[in-house]
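Student: Those letters in the sequence shown? Residues 753 to 1160, per the working numbering, in order.
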Amino acid sequence: MTPALDGAHLLARLDALAEIGAIEGGGCARLALSDADRAGRDLVVGWMREAGLAIEIDAIGNVVGTRAGREDLPAAMTGSHIDTVRTGGRYDGNYGVLAGLEVVRALDRAGIRTRRPVAVAFFTNEEGARFQPDMMGSLVFAGGLSLDDAFAATDRDGLSVGAELARIGYRGRAAPGARKPHAFIELHIEQGPILDEERLRIGAVESVQGISWTEYTVLGTSNHAGTTPLRLRRDAGLVAAEAAAFVRRLAREMGGDQVGTVGRLELHPNLINVVANRAVFCVDLRNTDEAKLRHAEAEVSAFIARTAAAERCDVTARTLARFEPVIFDPALVARVEATALARGHRPRRMPSGAGHDAQMMQRVCPSAMIFVPSVAGLSHNVKEHTEAADLVAGAEILLDLMLELAEI
Ligand code: HGY
Ligand code: MN
Ligand code: MN
């Protein structure tokens, strides 16, 4: 019997999960390892149990639910993440995990026992909004970050990943990545404007661009905003503001895929009539080309050093995340494309502007991604939206692909 995907159930589950950590405007705030993240995890683990999956929680809190195959072979795995940024939408990450559960339900309804096990995973702290680096759980799973280093990461309140994992009850016993999957497919919203603007429904993702996150701390002298002449100022706020403007200017001048963002900026004492003596800000640079990304990093670093020196401020830098561009397995990308074509779609090959767990899984097994459109390219925003028909279309392609991969 050909398995059929229950689209209505997928949409209902997306809405149910979005209730956890719900915020004004219809989005979610489930920062990694927060109480809201625990509640979201508990709900999804409950759904995995309901689907009869064997559940494994590893030491970094990654959760893998496995449906047995006819043979005990490396699994065909799908999944994503269920942590969100503070202004998250309801689809980023959640969609890929819940669509994976719908694949399992469809196989059950059709009475199909695949040759390989089928696994559905959610990885810890994909967003990196609270603890860096991002894609932390899948990076540990892939052996790119030690457990000790991951546990030691702290948030702005000094709380550590290790302590927070234990507090929410998700510091599992399984060794991360002990069992590598045969292949990994991640279904995800595009989070950019390409598919929506080109009126296309499916993206066959070929690569993920490089990511560079650096935290800069600039130290000056707090002083009276009214009495201090410019010649005596050591204004950390000025250096931060000029850095943010330079990041945008540089991206515009470099053109191509270069993007740059200063999304986090904190001044101290952050008062209207005091020249700031400290500025802490983060620079997010990305490019599909590693050499260009390195060039952008060097330009930003040199600009900030010059600007701080001109203002007689001191500056230190700390790398929070650094990932080179990743190319997905070409044969698997071709399978994504062929599966979409077989369903009558016109798939578009494209890079991913956002980071994803799949880029870490590519280190341990052939991996690829399926994109569906984000309306107006909006994401990391409560107004993030993908049309129901697109959500279902992407999940149907995931079902076909997982069935194929589980029979190889
Ligand atoms: O930043 C990213 O690209 C991802 O959302 N962690
Ligand atoms: Mn995501
Ligand atoms: Mn995200």
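The C-beta atom is built at its ideal place from N, Cα and C for all residues, glycine as well.
Since the model is a prediction, treat every value here as computed from it, not as a measurement.
1. Quick check: the Cα distance between serine 1119 and histidine 1097, rounded to an integer number of angstroms?
2. Whose CB is closer than 5 angstroms to a heavy atom of ligand 2? List the residues in chain order.
3. Is the CB of glycine 910 under 9 angstroms away from at least one CB in chain D?
4. From which residue to which residue does the alpha helix (DSSP H) around arginine 1016 run?
5. Assign proline 1082 to one of two classes, buried (16 or more other C-beta atoms within 10 Å of its C-beta) or exposed (fewer than that).
6. Rounded to whole angstroms, what's the CA-CA distance from aspartate 824 to proline 869? Just pull it up for me.
7. At a cut-off of 8 angstroms, would you count alanine 1043 as near ligand 3, judging by its Cβ distance to the nearest heavy atom?
8. Roughly how many angstroms lie between the CA atoms of alanine 977 and leucine 1023, to the nearest whole one?
9. With a cut-off of 8 angstroms on the beta carbons, I'd call tryptophan 1088 and alanine 915 a contact; round off their distance for me.
10. Can you tell me whether alanine 788 is buried or exposed, with buried defined as 16 or more other CB within 10 angstroms of its CB?
11. Fully enclosed by the region 1100-1128, which alpha helix (DSSP H) runs are 4 residues long or longer?
12. Does glutamate 1076 pass the burial test, meaning 16 or more other C-beta atoms within 10 Å, or should it be called exposed?
13. Looking at the secondary structure, which residues open and close the beta strand (DSSP E) in which asparagine 1039 lies?
14. Counting C-beta neighbours from all protein chains within 10 Å, is the total for proline 981 16 or more, i.e. buried, or is it exposed?
15. So, methionine 888 versus glycine 895, is the Cβ gap smaller than 9 angstroms?
16. Report yes if the CB atom of isoleucine 1122 is closer than 9 angstroms to the CB atom of isoleucine 1160, and no otherwise.
17. Pick from Thr973, Val849, Phe1080, Leu1093: whose alpha carbon is nearest that of alanine 935?
18. Between which two residues does the alpha helix (DSSP H) harbouring threonine 1091 extend?
19. Give the DSSP bridge partners of alanine 718, in chain order.
20. Taking 8 angstroms as the cut-off, is the beta-carbon of valine 960 closer than that to any non-hydrogen atom of ligand 3?
Tutor: Reading it off the structure:
1. 21 angstroms
2. Asp844, Gly845
3. Here chain D cannot be found, since the structure has a single protein chain.
4. No alpha helix (DSSP H) contains arginine 1016, which is instead part of the beta strand (DSSP E) from 1011-1020.
5. exposed
6. 7 angstroms
7. Within the chosen limit of 8 angstroms, ligand 3 does not reach the beta carbon of alanine 1043 with any heavy atom.
8. 10 angstroms
9. A small correction: the amino acid at residue 1088 is valine; tryptophan does not occupy that position in the sequence shown. Contact flag wrong, Cβ pair sits at about 39 angstroms.
10. It is buried - the Cβ of alanine 788 has at least 16 other Cβ atoms within 10 Å.
11. 1109-1113
12. exposed
13. Per DSSP, asparagine 1039 belongs to the beta strand (DSSP E) from 1030-1039.
14. Around the beta carbon of proline 981, a 10 Å sphere encloses fewer than 16 other beta carbons of the protein chains shown; the residue is thus reported as exposed.
15. no
16. Taking 9 angstroms as the cut-off, the Cβ atoms of isoleucine 1122 and isoleucine 1160 do not count as close.
17. Phe1080
18. 1082-1094
19. In the structure as shown, the chain starts at 753 and stops at 1160, and residue 718 therefore has no counterpart that could be examined.
20. no
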